[in-house]
Amino acid sequence: MATMKRGYVLHHRQFRESSVIVNLLVEGVGRVDAITRVGSGKRSIKSILQPFQPLIIQFSAKSEARNLGLKNITQIESAAPAMPLSGNSLYSGFYLNEILVRLLSVDHQAEGLFLDYHRALLALAKQFCSSHLRYFEMALLLELGALPSLAYDTQGDSLDNRCHYRFIAESGFIPVATTQESPFSHGKGCLSGAMLLALASQNLQPEQFNQAKGLMRYLLTPLLGNKPLLSRQLFSNKAD
52 MATMKRGYVL HHRQFRESSV IVNLLVEGVG RVDAITRVGS GKRSIKSILQ PFQPLIIQFS
112 AKSEARNLGL KNITQIESAA PAMPLSGNSL YSGFYLNEIL VRLLSVDHQA EGLFLDYHRA
172 LLALAKQFCS SHLRYFEMAL LLELGALPSL AYDTQGDSLD NRCHYRFIAE SGFIPVATTQ
232 ESPFSHGKGC LSGAMLLALA SQNLQPEQFN QAKGLMRYLL TPLLGNKPLL SRQLFSNKAD
């Protein structure tokens with residue numbers, strides 16, 4: 052008998068009159084695209100097929116779904132109350148969902164990302180802080196094999212919190228002979244070693260947020276391509 056697994060809805064869309072296709076992030080599995088009937092009246096599951104609602108889910112290999120390259124959801128239930136996200140925390144959740152749908156293919160299982168995502172939602176539900184986005188972006192980049200080393204520079208030496216570095220694509224961080232901190236911009240600015248080490252240890256300080264944001268955006272841009280992220284339009288300039 053198939054076991055029930057924890058999961059979250061990342062996105063869903065209508066499929067035929069009484070069914071939906073859902074993109075899910077499932078514990079121990081990763082990205083799953085599935086089809087399910089939504090039902091009607093008191094038996095409808097529409098109310099739980101929503102983002103940020105913890106779920107427990109069971110799948111099967113029903114022939115119709117399999118022919119569409121999808122799993123079939125045979126059972127789905129609420130596992131806990133929905134995450135109480137609002138304001139910038141809600142927009143942040145939409146952002147996490149959008150980059151997961153854009154970057155994580157069904158073929159890439161990404162088993163460990165469920166817990167990173169779950170922790171990010173818990174942190175955002177408690178209080179908005181842009182650092183929670185940076186830590187999840189870091190976990191996603193690591194899963195995709197696109198995160199440079201945050202421990203060693205291009206020469207194999209440990210990153211130093213007293214030094215500054217420049218990022219070189221496909222190589223890593225190279226030390227630069229400067230003591231003046233400058234903003235990270237289009238890969239040409241300097242990054243403080245203190246920020247890189249704080250990012251790696253998930254201990255960013257407010258004064259490091261902008262540099263960390265610039266680095267993550269620079270690393271994500273080649274993966275996301277030219278299509279704008281809809282969720283970013285929800286943020287004020289200071290929120291994300």
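Everything in the sequence shown is counted per this note's numbering, starting at 52 for the first residue and increasing by one.
The C-beta atom is built at its ideal place from N, Cα and C for all residues, glycine as well.
Check                                                                                                                                                      : Outcome
Going by beta carbon distance, what residues of the same chain come within less than 8 Å of V89, once the five residues before and after it are set aside? : S69, S70, V71, S95, I96, K97, L100
Distance check for L192 and L270, CA to CA, integer angstroms please.                                                                                      : 8 Å
Quick one: residues in its chain with C-beta nearer than 6 Å to the C-beta of A251, no 5 flanking neighbours on either side, listed in chain order?        : L201
Taking the straight line between their C-alpha atoms, what separation do you get for S156 and H63?                                                         : 15 Å
Among L141, R82, E188, which residue has its Cα nearest to the Cα of L274?                                                                                 : E188
For L136, tell me which candidate among I108, A176, M246, L164 has the shortest Cα-Cα distance.                                                            : A176
Between Q160 and G58, is the Cβ-Cβ spacing less than 8 Å?                                                                                                  : no
DSSP state of F187, grouped into three classes?                                                                                                            : helix
Please classify P199 as buried or exposed, where buried requires at least 16 neighbouring CB atoms within 10 angstroms.                                    : buried
Rounded to whole angstroms, what is the Cα-Cα separation between M246 and F66?                                                                             : 46 Å
Exposed or buried, G265, counting other C-beta atoms within 10 Å across all chains shown (16 or more means buried)?                                        : buried
Quick one: complete alpha helix (DSSP H) runs, 4+ long, within the stretch 152 to 214?                                                                     : 164 to 177, 181 to 194
List the DSSP bridge partners of E128.                                                                                                                     : I107
Span of the beta strand (DSSP E) holding Q65?                                                                                                              : 56 to 66
Can you give me the C-alpha to C-alpha distance between Q109 and A85, rounded to a whole angstrom?                                                         : 11 Å
Going by the DSSP bridge assignment, what does R283 pair with across the sheet?                                                                            : Paired residues: none, contrary to the question.
Helix, strand or coil, according to DSSP, for K293 in the structure here?                                                                                  : Because residue 293 is not part of the residues shown, which for the chain are 52 to 291, the question remains open.
Quick one: what's got a C-beta closer than 8 Å to A131's C-beta in the same chain, skipping five residues either side?                                     : P105
What number of angstroms, rounded off, separates the C-alpha of P226 from the C-alpha of T87?                                                              : 53 Å
Does the distance from the CB of F145 to the CB of S282 come in under 8 Å?                                                                                 : yes
Determine the DSSP secondary structure at K23, reduced to helix, strand or coil.                                                                           : Residue 23 lies beyond the range of the chain shown here (52 to 291); nothing can be said about it.
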